[in-house]
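Engineer: There's a structure below that I have some questions on.
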Amino acid sequence: MTSAENSIFNPDTIQIHQCRINVLPLKFDEALGLAYAAFTIDCILEKAQPSVKLHVIYDIACTLTAHFKKKKDKKLELDMALPVFHAYGHKMACQVAYSTRWRCGYGLTDGEVMERLWSYLRRFSSITKEMTPAHREDLLTDALLHYSRRKRADIGSSLVLLMDRAVRVKEDSSKALEEICSDCAVSLKDIKDWREAEKCQVDVSKSSTKGQVPWEEKYVQKLLHYEQRKEQLALCDDDTRAGMLAGQCQELDQDLKTLEQRHGIQRWCNDNPAFITHLAVMKGKQQVALIQKLWSHAVEYTFFWTCPKSIQRDSLWPPD
Ligand SMILES: [Zn+2]
Numbered sequence: 312m313t314s315a316e317n318s319i320f321n322p323d324t325i326q327i328h329q330c331r332i333n334v335l336p337l338k339f340d341e342a343l344g345l346a347y348a349a350f351t352i353d354c355i356l357e358k359a360q361p362s363v364k365l366h367v368i369y370d371i372a373c374t375l376t377a378h379f380k381k382k383k384d385k386k387l388e389l390d391m392a393l394p395v396f397h398a399y400g401h402k403m404a405c406q407v408a409y410s411t412r413w414r415c416g417y418g419l420t421d422g423e424v425m426e427r428l429w430s431y432l433r434r435f436s437s438i439t440k441e442m443t444p445a446h447r448e449d450l451l452t453d454a455l456l457h458y459s460r461r462k463r464a465d466i467g468s469s470l471v472l473l474m475d476r477a478v479r480v481k482e483d484s485s486k487a488l489e490e491i492c493s494d495c496a497v498s499l500k501d502i503k504d505w506r507e508a509e510k511c512q513v514d515v516s517k518s519s520t521k522g523q524v525p526w527e528e529k530y531v532q533k534l535l536h537y538e539q540r541k542e543q544l545a546l547c548d549d550d551t552r553a554g555m556l557a558g559q560c561q562e563l564d565q566d567l568k569t570l571e572q573r574h575g576i577q578r579w580c581n582d583n584p585a586f587i588t589h590l591a592v593m594k595g596k597q598q599v600a601l602i603q604k605l606w607s608h609a610v611e612y613t614f615f616w617t618c619p620k621s622i623q624r625d626s627l628w629p630p631d
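Just so we're aligned, residue 312 is where the sequence shown starts under the numbering used here, counting upward by one.
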């Protein structure tokens, strides 16, 4: 897990990655954006045993995954997730795809371990603020080494505690779930189906975007724009705006001529049957797109409407 305090463009930025027991501070001299996180993951992968299944929780795991996809990076195969509270700041599609509450293998891990570390480091802010960068780095390194040693020393008792808590939470949750299921006359399968349905809604709203637009529709669209700009130009009495409109008209006219030449047609008039047909198809598509957009907003609204309850429930769960 990684996180950076202060501006990433500050050469004195300290970047820290953390697993449950260890802390490694790293210092960067350049602003590299997402490359910080990629570099940190590379460092971990270098040291990790090949048999270890690595789960990475990062505040913007969605953006980092998109970055890996764009770069065709093999790190794309890693299991990435968003910290549980940070996830609420992301859109529905991100929450469903990356929240630790939605992904398998994360249990009740909240992924907010970095926030606890920043909270520990906060006490040093008044001491370090007058220091030189080098002294500040020394002091923070000492503090983090102490934090790391303390974590290692406590790991045995902490794991026992966590195990006890996990068993207790599992029993309590199973009991509560059974009661709810019998009160509401639903089965566990129904609940799983609802979850799958919610995932499908996100997939539908993602896939309902643009397909291939036929040239005739592009031509009609340009023709409409051209006519609209010509009307605006005829009514315009401002020289600057008229110049701008004339330029746009010329550009649109050129695009129309190119399409006409390519497809061997004469300029379509408003009563041309082809124009009427493709205009109707285009308007139909626009209406469908609008309805899909409205529907996807409604789904997202309903999803976020349930968020306050989830946040209340999460706050009762044990931390990492
Ligand atoms: Zn996101």
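Just so you know, even glycine gets a beta-carbon here, dropped at the ideal spot from N, CA and C.
With distances taken from each beta carbon to the nearest heavy atom of ligand 1, which residues come in below 5 Å, in chain order?
Structural biologist: This criterion selects Cys-373, His-401, Cys-405.
Engineer: Inspect the CB distances between the stretch 525–539 and the stretch 590–598 and report whether three or more fall short of 8 Å.
Structural biologist: Yes, the stretch 525–539 touches the stretch 590–598.
Engineer: Check this for me: beta carbons of Lys-533 and Asp-566, under 8 Å apart or not?
Structural biologist: Yes; because the gap between Cβ atoms is below 8 Å, this pair is in contact.
Engineer: In this structure, what does DSSP give as the bridge partners for Ser-607?
Structural biologist: Ser-607 is not bridged to any residue.
Engineer: Would you mind stating whether Tyr-458 and Tyr-431 have Cβ atoms separated by less than 8 Å?
Structural biologist: The answer is yes: Cβ separation under 8 Å.
Engineer: Around the C-beta of Pro-394, are 16 or more other C-beta atoms found within 10 angstroms, so that it is buried, or is it exposed?
Structural biologist: Buried: at least 16 other Cβ atoms inside 10 Å.
Engineer: Any idea what DSSP makes of Met-442, helix, strand or coil?
Structural biologist: Here Met-442 sits in coil by DSSP.
Engineer: Quick one: is Ser-410 buried, meaning 16 or more other Cβ sit within 10 Å of its Cβ, or exposed?
Structural biologist: The residue in question, Ser-410, is buried, as its Cβ has 16 or more Cβ neighbours within 10 Å.
Engineer: Give me the DSSP bridge partner(s) of His-366.
Structural biologist: Bridge partners of His-366: Asp-390.
Engineer: If we count the other Cβ atoms within 10 Å of its Cβ and call it buried at 16 or more, is Cys-405 buried or exposed?
Structural biologist: Cys-405 comes out buried.
Engineer: Is it right to say Ala-359 is buried, meaning 16 or more other beta carbons lie within 10 angstroms of its own, or is it exposed?
Structural biologist: Burial call: exposed.
Engineer: Taking contact to mean at least 3 C-beta pairs separated by less than 8 Å, is the stretch 557–575 in contact with the stretch 532–548?
Structural biologist: The answer is yes - the stretch 532–548 touches the stretch 557–575, with three or more Cβ pairs under 8 Å.
Engineer: Do Leu-345 and Thr-374 count as a contact pair if the criterion is CB distance below 8 Å?
Structural biologist: Taking 8 Å as the Cβ cut-off, Thr-374 and Leu-345 qualify as a contacting pair.
Engineer: Taking C-beta to C-beta, are Ala-477 and Leu-419 nearer than 8 Å?
Structural biologist: Yes, they are a contact pair.
Engineer: For a minimum of 4 consecutive residues, which ranges assigned as the alpha helix (DSSP H) are wholly contained in the stretch 539–602?
Structural biologist: Counting whole runs of 4 or more residues, the stretch 539–602 contains the alpha helix (DSSP H) stretches 550–574.
Engineer: Can Met-403 and Tyr-369 be called in contact, C-beta distance under 8 Å?
Structural biologist: The answer is no: Cβ separation not under 8 Å.
Engineer: Ends of the alpha helix (DSSP H) at Arg-433?
Structural biologist: 424–433 is the extent of the alpha helix (DSSP H) around Arg-433.
Engineer: Provide the residue span of the alpha helix (DSSP H) that contains Leu-375, from first to last.
Structural biologist: Start and end: 372–382.
Engineer: Please report how far the alpha carbon of Asp-582 lies from the alpha carbon of Ile-576, in whole angstroms.
Structural biologist: C-alpha separation (whole angstroms): 15 Å.
Engineer: State the DSSP-derived secondary structure class of Ser-436, mapped to helix, strand or coil.
Structural biologist: Helix.
Engineer: Throw me the rounded Cβ distance for the Val-363 and Leu-389 pair, which I believe falls under 8 Å.
Structural biologist: The pair is not a contact, with the Cβ atoms about 11 Å apart (cut-off 8 Å).
Engineer: By the 10 Å Cβ neighbour count, where 16 or more other Cβ atoms means buried, how is Ala-294 classified, buried or exposed?
Structural biologist: The structure shown has nothing for residue 294, since the chain only spans 312 to 631.
Engineer: Please report the residue range of the alpha helix (DSSP H) in which Leu-356 lies.
Structural biologist: Segment 346–358, the alpha helix (DSSP H) holding Leu-356.
Engineer: Assuming the contact rule is C-beta atoms closer than 8 Å, Val-513 and Val-407 should be a hit. Round their C-beta distance to whole Å, please.
Structural biologist: Rounded, the Cβ-Cβ distance is 5 Å, consistent with contact.
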